[in-house]
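Peer 1: Each residue of the sequence shown is one higher than the last, beginning at 2 in the numbering used here.
Cβ coordinates follow ideal geometry from the N, Cα and C atoms, glycine included.
This is the structure, below, for whatever I ask next.
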Amino acid sequence: MNVSGLALLFTWVAFAPAEAPAAAAMPPKIARFLEQCETSRQGAIAQIKHQLRGLQDEAGDAAARRSIARLEKQLRVLEANESPVVAPLSFPPQSGAIGRLPGLSCHVEQVLSDREFLATCTFPVTITAVRNFKRYRDQVSQKVRFVVRGLPTQDLEPGADLQSLDVFEVSGRETYRTVSGGSQAVLVLTRFDLKQVEPYFRRRSSRR
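Now the structure itself:
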């Protein structure tokens, strides 16, 4: 994850002060999601600190000073831990996973209803390749088709790319009817409301 990629992790949510009832057990799905958010936050903090150390020798350069100021601002936000740091969905997507769209975008293929459409997401995947008897880490793209639910579709056009900061849950697999009259089974992405996480996030953060 590079510095520009850190923007994919930030979820700006104006959480009002709130606490989950003391007797309310955290649902396992929420617990897993918040653990993933914390892992993303700690990873981003470690990366920024590493990059700041690398810039110290160039602190006299104006461009380096601007980079340092930007990184320090991002670090303060991450360390404040005022909202979940949500990473993109990983490949292969698994039922129950929660995250943002890879690259914060998808390609609209077919509008199915007023709040449902068929889309393709492109996942960056790191692989190990062998060339001249040496191993290299390469990145390839893997496309996955989803039925996306929970977003209005009145302004969507098949063939267009949709940019979205929303968070989604892989909620299962369903069969849809294609424009040619056939059928195909695909994973379902349902918009995930972060407000349901708020009280548990506050309670978890207050204990750290």
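Pull up the DSSP beta-bridge partners for T129, would you.
Peer 2: DSSP, once it has assigned bridges, lists R138 as partnering T129.
Peer 1: Report the option in A88, D156 and A98 whose CA atom is closest to the CA atom of R116.
Peer 2: D156
Peer 1: Hey, out of S96, D162 and R136, whose CA is closest to L231's CA?
Peer 2: In this structure the chain extends from 2 to 209, so residue 231 is not present and cannot be described.
Peer 1: How close, in whole Å, do the beta carbons of G100 and T123 come, if the pair is a contact with beta carbons under 8 Å?
Peer 2: Contact flag wrong, Cβ pair sits at about 15 Å.
Peer 1: Return helix, strand or coil for T154, following the three-state DSSP convention.
Peer 2: coil
Peer 1: Give every residue of the same chain whose Cβ lies closer than 7 Å to the Cβ of Q143, excluding the five residues on either side of it in the sequence, and list them in chain order.
Peer 2: So the list reads F92, F124 and V126, once near-sequence residues are dropped.
Peer 1: By the DSSP assignment, the beta strand (DSSP E) with F169 in it spans what residues?
Peer 2: V168 to R178
Peer 1: Does DSSP classify S68 as helix, strand or coil?
Peer 2: Correct three-state label for S68: helix.
Peer 1: Pairing CB atoms from the stretch 129-139 with CB atoms from the stretch 54-69, are three or more of them under 8 Å?
Peer 2: no
Peer 1: List the endpoints of the continuous alpha helix (DSSP H) containing R192.
Peer 2: For R192, there is no enclosing alpha helix (DSSP H); the residue is found in the beta strand (DSSP E) stretching over S184 to R192.
Peer 1: Using a Cβ-Cβ cutoff of less than 6 Å, which residues in the same chain neighbour R150 once the five nearest sequence positions on both sides are dropped?
Peer 2: E117 and T191
Peer 1: Report the rounded CA-to-CA distance for P85 versus L72, giving the unit in angstroms.
Peer 2: 19 Å
Peer 1: Rounding to the nearest angstrom, what Cα-Cα distance links T12 and E110 in this structure?
Peer 2: With a pLDDT of only 45 at T12, under the threshold of 50, the placement of this residue in the model should not be trusted; the figure read from the coordinates follows. Taking the straight line from one Cα to the other gives about 27 Å.
Peer 1: State buried or exposed for E199, treating a residue as buried only when at least 16 other CB atoms are found within 10 Å of its CB.
Peer 2: buried
Peer 1: For E83, report the span of its alpha helix (DSSP H) as first-last.
Peer 2: Where E83 is concerned, there is no enclosing alpha helix (DSSP H), given that its DSSP letter is neither H nor E.
Peer 1: Would you kindly work out how many angstroms separate the C-alpha atoms of M2 and A47, rounded to a whole number?
Peer 2: Note that M2 scores a pLDDT of 46, beneath 50, so its modelled location is shaky; the value from the coordinates is reported in the next line. One C-alpha to the other measures close to 11 Å.
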